[in-house]
Amino acid sequence: MQKFFSESKDFIGSAGVEYPIVDDDFKQRYLKSFLRPKGKEFRDIQPSQKRSLDRLLLNVRESSAENIFLSCEELTNEQDFSLSAGDLKGLADYIKGMRREVKILVYLREPAAYYLSRMQESIKSQPGIILPSEFDAKLLWVVEQYEIAFGVKADVRAFVRENLVSGDIVTDVLDFVCSGVGPSSLSVPSKPTNESLSGEVMFALDVLRRYPAQAGRSVQSGNTGIRQLWRLLDRFDRQIGPPSKPKLYAQAAQQVSEAASQDLIILKNRYGVEFPAYAPLYDVEAPAVDDRISDVEGIVPVDRSRAFALMGMVVDHGIRVAMEAKK
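Position one of the sequence shown corresponds to residue 20 (the working numbering), numbered consecutively onward.
Structure representation (structure tokens):
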């Protein structure tokens with residue numbers, strides 16, 4: 020959605036919406052600089068991020084667009100950031116300083132689906148996963164903290180394709196932002212959807228990073244190196260053949276859903292949000308704990324042969340790159 024908005028200035032502009040881009044980050048990740056990493060002290064905003072934030076503030080204040088849309092995935096990442104109303108004050112003060120009416124739109128996934136999505140994202144930045152028995156989605160709590168910090172009631176929607184306007188997230192967002200403009204006026208051009216990492220890529224990424232780290236070594240370092248690694252694995256995975264879309268084992272899905280059961284009741288009563296039941300794998304059981312090479316194998320099926328083939332392709336690629344560099 021963010022990429023589409025950033026590349027479709029004229030289209031969304033025709034609907035009275037601006038998605039401001041002030042640097043090369045179309046995901047507006049500089050907004051997360053207001054958040055405090057969980058378990059750590061708040062870090063001063065870096066100069067480069069401060070410049071982006073200052074440009075964004077000026078852009079919004081001077082914009083003639085009727086609606087300004089801001090979106091940053093990390094702003095609801097409770098697993099990595101402290102999101103209490105107090106911790107959100109800096110972000111709230113900054114956005115209120117844009118001198119516009121603030122509206123909050125929140126899309127929530129069904130807890131088990133959200134857990135899988137979070138693990139697919141988190142394993143891109145750090146090895147290992149949060150075990151399903153230890154995962155707390157805190158769906159309701161995060162919404163409540165934003166409502167307190169901003170002093171407005173959030174519009175909460177289930178991220179279920181069948182429930183979205185025209186079955187599309189972009190059209191649904193524009194319908195909200197533009198206050199009821201008909202779906203026919205917001206016909207969104209066809210676009211590729213985001214692809215999730217397969218279980219084999221998750222496994223390979225975890226193993227390639229975790230085991231060398233235990234020996235005091237690293238396959239890749241820095242955000243750029245890690246991003247190159249998972250993208251390389253994902254590319255090789257698609258070269259081998261169409262990757263399978265991962266689905267949680269039944270026990271993993273049940274543990275996550277049970278932990279969120281009370282939230283689901285309140286979300287339904289307060290916001291009218293309901294989710295279709297997650298469909299896990301009932302006919303396949305996860306390997307025994309002692310038989311797992313990676314915790315990834317405890318939540319989704321992994322074809323080890325394919326995963327090891329991916330790792331071999333990465334090694335071969337690295338050797339060829341090194342040899343080319345010596346020429």
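C-beta atoms are modelled at their ideal positions from N, C-alpha and C, and glycine is treated no differently. None of these values were measured; they are calculated from a predicted model.
Beta-ladder partner(s) of residue i, from DSSP
i	result
V125	V175
S324	According to DSSP, S324 bridges with nothing at all.
V36	N86
P56	F100
Y268	L300
Straight-line Cα distance separating residue j from residue i
i	j	result
G260	V333	16 Å
R55	S263	36 Å
A234	V321	Unreliable placement is indicated for A234, whose pLDDT of 48 sits below 50; the coordinate value is still reported in the next sentence. About 25 Å.
E120	L77	16 Å
I318	L94	25 Å
K57	M342	42 Å
L110	L158	19 Å
G170	L102	15 Å
Q270	E277	11 Å
A168	Y113	12 Å
E81	S25	19 Å
K345	D43	32 Å
L216	A296	22 Å
I245	L89	26 Å
Where residue i falls: helix, strand or coil (DSSP)
i	result
M342	helix
R250	helix
Y297	coil
S152	helix
L76	helix
V319	coil
V334	helix
L158	helix
E120	coil
I259	helix
S217	coil
F23	helix
V184	helix
Sequence-distant residues of its chain with Cβ nearer than 7 Å to residue i (five each side left out)
i	result
Y49	Q68, S71, L72
K223	Strictly speaking, residue 223 in this sequence is Ala, with Lys absent from that position. L252, A326, L329, M330, listed in sequence order.
D191	L183, V184
Y165	L107, I123, A173
K266	P299, L300, V319
V315	I148, G218, M221, F222, D225, V321
L75	P39, V41
I188	M20
Same chain only: Cβ atoms within 8 Å of residue i, ignoring 5 sequence neighbours per side
i	result
I16	Outside the shown range of the chain, which is 20 to 346, sits residue 16, and nothing can be said about it.
Y268	P299, L300, V303, E304, A305, G317, I318, V319, P320
V17	The question about residue 17 has no answer here: the residues shown for the chain are numbered 20 through 346.
Option in the options with minimal Cα separation from residue i
i	options	result
Q274	F178, D29, L150	L150
F100	S83, I87, S141	S141
F350	E163, G291, N96, R257	Residue 350 falls outside the range modelled here, since the chain spans only 20 to 346, and no answer is possible.
C91	P39, S83, K59	P39
E85	D335, S27, Q98, C197	C197
Q139	D282, F294, G244, R250	R250
A34	R180, W160, R289, F195	F195
K46	I31, F23, F30, F53	F23
Beta-carbon proximity list for residue i, same chain, < 6 Å, skipping 5 on both sides
i	result
A156	P130, Y133, A279
R176	Y126
F255	L329, M332
D282	L158, L159
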